[in-house]
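A.B. asks: Going by UniProt numbering, the letters in the sequence shown line up with residues 1 to 69, in that order.
A single structure is presented below for examination.
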Amino acid sequence: MTCVHLNERKFKCNEENCGKKFKRKYNLIQHKLLHSGEKQFVCHLNDCNKSFAQIWTLKYHKRRYHQLN
């Protein structure tokens, strides 16, 4: 019989004083963008050009400031 741990967080951030863990590698990659300062997600609505490190913050920005759903 095999034991499966669904809540296991095996992807760990190796930045100093962080150590945050994630279930998925993609989430760790997105998290590392916060440490690097890279902002690859850009709002192109109404010549806004504001940039964000994470896609969810861009989506929030569009809903909040551009009234998009």
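In this text, a Cβ means the ideal position worked out from N, Cα and C, and glycines have one as well.
1) Look up residue 70 in the DSSP assignment and give the residues it is bridged to.
2) Just checking, does the region 8-28 make contact with the region 41-48 on the three C-beta pairs under 8 Å criterion?
3) Could you pull out every residue in the same chain whose Cβ sits closer than 7 Å to the Cβ of His61, ignoring the five residues on either side in sequence?
4) Given Gln40, which residues of its chain have a CB within under 6 Å of its CB, disregarding the five upstream and five downstream residues?
5) Between the C-alpha atoms of Glu16 and Lys32, what's the straight-line distance to the nearest angstrom?
C.D. replies: Walking through what the data contain:
1) Residue 70 cannot be examined here, being either before or after the span of the chain that is shown, 1 to 69.
2) no
3) So the qualifying residues of the chain are Cys43, Lys50, Phe52.
4) none
5) 12 Å
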